[in-house]
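Remarks on the structure that follows.
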Amino acid sequence: MLNAPWNLARISRGHTRNDGLRRYRYDVTAGSGTYFYLVDSGINFSHAEFSGRAFRGANFVLGSPDDDESGHGTHIAGIIGGKTYGVAKSCTMISVKVATNDAIAKGIADRSVINLSAGGLYNSSVNFAVKNATDAGITVVVAAGNHATFASAFSLASADTAITVAASGPDDCRAPFSNYGRCVDMFAPGAHIASAWNYVDNGMKYESGTSAAAAYVTGLAAYFISSETLRGFKAVRERILGASLNGVITDTRYSSNRLAYNDNCVS
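In terms of the working numbering, the sequence shown opens at residue 320 and continues consecutively.
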């Protein structure tokens, strides 16, 4: 894919930060047969980016429609599986709108990944729900948070069994807003990220945040599950961390110095 957004190009470029080509190298079948559960504000199901691959799951928010009211969920879904902006362009997307802790472990299918961008202060019951999902073999990817402080003070970022993702910028430096610390497993692009938006069926918007960074790693999980027939959280986590680029991020502040990379698995 030529003239890709900087963030897509970065996760397939390797140790070269900018080769001037803005090329995203990827397996065109990546994501096929995989499912990701987006626990967020919903998805604009008719958006052109999703080509009929986005579906309604459970809605635990009383009085709220299934569609995306804020745009955040559509933006994240576009990063994970959009045909233009997405990492795993053939995956199936299932929107799950929740307002309670115990809902995050529901609606789980084989070969699935749960993306969690929301969070609050540390809560052991929330972290335990994440453990329930990973114990069942489900890969759970969470955002580190946008408070420029230690991620360990927050749930879901502090969940031991999740893959916790902080945000980096085009300069391979930790984004100034990104949380950090020893519970951060890796970095992914999270600054000035183009993706789908909810207001119209071909809408686009630039956003920044660790939510976007987590979405890239969720996309990689679907990517590797599909292209390499991986099964189970442990195998997927090991593959994602093993493929990541070591030592390229500056100002990590005690975080694991790994940058998301698709390992140039090209069909």
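The C-beta atom is built at its ideal place from N, Cα and C for all residues, glycine as well.
- In this chain, the beta strand (DSSP E) harbouring residue 515 covers 512-515.
- Cβ-Cβ separation between residue 499 and residue 573: approximately 6 Å, consistent with a contact (criterion under 8 Å).
- In the three-state DSSP reduction, residue 435 falls in the strand class (E or B).
- Sequence-distant Cβ neighbours of residue 453 in its own chain, meaning closer than 6 Å and more than five residues away, are 459, 480, 552.
- Annotation: residue 434 to residue 327 spans about 18 Å, alpha carbon to alpha carbon.
- Of the other Cβ atoms in all chains shown, 16 or more fall within 10 Å of the Cβ of residue 509; this residue is therefore buried.
- For residue 553, the enclosing alpha helix (DSSP H) has its first and last residue at 552-562.
- The beta-bridge partner set that DSSP reports for residue 357 consists of 414, 434.
- At the C-beta level, residue 506 and residue 577 come within 9 Å of one another.
- Note that the C-beta distance between residue 439 and residue 469 is not below 9 Å.
- If you look at residue 525, you'll find it isn't in any alpha helix (DSSP H); it sits in the beta strand (DSSP E) that goes 523-526.
- In this structure, residue 360 and residue 334 do not form a Cβ contact; the two beta carbons are roughly 36 Å apart against a cut-off of 8 Å.
- From the listed residues 511, 482, 407, 366, the smallest Cα separation to residue 489 is found for 511.
- DSSP places residue 486 inside the beta strand (DSSP E), whose first and last residues are 482-487.
- Straight across, the Cα-Cα distance linking residue 402 with residue 368 is about 5 Å.
- Contact annotation: residue 529 and residue 436 have beta-carbon atoms nearer than 9 Å.
- For residue 458, the uninterrupted beta strand (DSSP E) run begins and ends at 458-462, by DSSP.
- With a 10 Å radius around the Cβ and a threshold of 16 neighbouring Cβ atoms, residue 582 comes out buried.
- At a Cβ-Cβ threshold of 9 Å, residue 406 and residue 538 count as neighbours.
- In the three-state reduction of the DSSP assignment, residue 474 falls in the strand class.
- With contacts defined by Cβ atoms closer than 9 Å, residue 457 and residue 556 do not form a contacting pair.
- Ranking 492, 463, 516, 536 by CA distance to the CA of residue 501 puts 463 first.
- Ranked by Cα distance from residue 442, the options 476, 347, 431 are led by 476.
- Bridge pairing for residue 499: 469 [DSSP].
- If you draw a 10 Å sphere on the C-beta of residue 521, you find fewer than 16 other C-beta atoms in it, and that means exposed.
- Leaving aside the five residues that flank residue 503 on each side, the residues in its chain whose CB is nearer than 7 Å to its CB run, in chain order, 463, 470, 483, 485, 574, 575.
- Separation of residue 455 and residue 446 (C-alpha to C-alpha, rounded to the nearest whole angstrom) is 15 Å.
- Across the set 531, 517, 400, 493, the C-alpha of 531 shows the shortest separation from the C-alpha of residue 461.
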